[in-house]
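Chemist: Residue numbers (numbering that gives the first Met the number 0): 0 to 198. Heads up, the beta-carbon is just placed ideally off N, CA and C, and yes, glycines get one too. Below is the structure I would like to discuss, written out as structure tokens.
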Amino acid sequence: MKTIPYILIIIRFLLAPIILFLAYFQGIESRFLLLSLMYFGLLTDIFDGIIARKIGASSEKLRRLDSQTDLVFWLSLGFAAYFLNLELIKSEWEGILLILLMEALCYVVSILKFGKETCTHAFLSKMWGISLLIAFTYLIGFQQAGWAFYLTVILGFISHIDVIMIILFLPKWQYDVPSSYHAWKIRNGKQRKKSIFFN
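Written out as structure tokens, the structure reads:
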């Protein structure tokens, strides 16, 4: 039973090259299959955490693996959107560059301070994940950006600021910290880390 969360994470990781292959070689004809794989990947992300907590298998190793797999999975969808909507993505390059820079900054700040990548699974990051799902549904399924794209850029910027503040507030590296407010409370000894707070 304790291997199930790892199996779900591996499945999500393996979806990434499949998504890239379909988008690059089959193009727009694969868009609904790509959407199906995206939503299936989301389900593996939801249930790996639920099952891990249920069977007592949640650990730093699992959470870090989950975070890095999420990064690979969503990047594959980003490249898929690029392959399917080259001109549209080029026209929105400023927002995309902003999010990529913020993501890189989170890693840089965390590695410089703790020697490890960030693994907060914060609440705002989860809200951003939902907005990414909507934005990619529009981009891949309907070749549109619009409000969904701009919403994900705004939420992405805010959520990354929150992650950076979490990193700066924490006295030592921790995973599963819901927000910068919780990190501030941990820093001041007012709250213990609760790794079961979120998936």
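1. Quick one: any contact between the region 182-191 and the region 133-148, if contact means 3 or more CB pairs under 8 Å?
2. Label P16 either buried or exposed according to how many other C-beta atoms from any shown protein chain fall within 10 Å of its C-beta, with 16 as the threshold for buried.
3. How about the region 116-131 and the region 142-156: do they share at least three Cβ pairs that are nearer than 8 Å?
4. What span of residues does the alpha helix (DSSP H) with I163 cover, start to end?
5. Check whether the region 92-102 and the region 57-66 touch, using three or more Cβ-Cβ pairs below 8 Å as the test.
6. Hey, I166 and K112 are a contact pair by Cβ (cut 8 Å); roughly how many whole angstroms apart?
7. Closest to G140 by CA distance: which of S35, W172 and L150 is it?
8. Here's a check: name, in chain order, each residue in its chain whose Cβ is nearer than 8 Å to the Cβ of F12, leaving out the five neighbours to either side.
9. Could you check which residue in G77, K171, S75 and N84 has the C-alpha nearest to that of I110?
10. Rounded to the nearest angstrom, what separates G145 and F82 at their Cα positions?
Modeler: Checking against the coordinates, here is how it stands:
1. Too few Cβ pairs lie closer than 8 Å, so no.
2. exposed
3. yes
4. G145 to F168
5. Taking 8 Å as the limit for Cβ pairs, the verdict is that the region 57-66 does not touch the region 92-102.
6. 6 Å
7. With distances taken between Cα atoms, G140 lies closest to S35.
8. T68, V71 and F72
9. Looking at the Cα atoms, K171 is the closest of the given residues.
10. 18 Å
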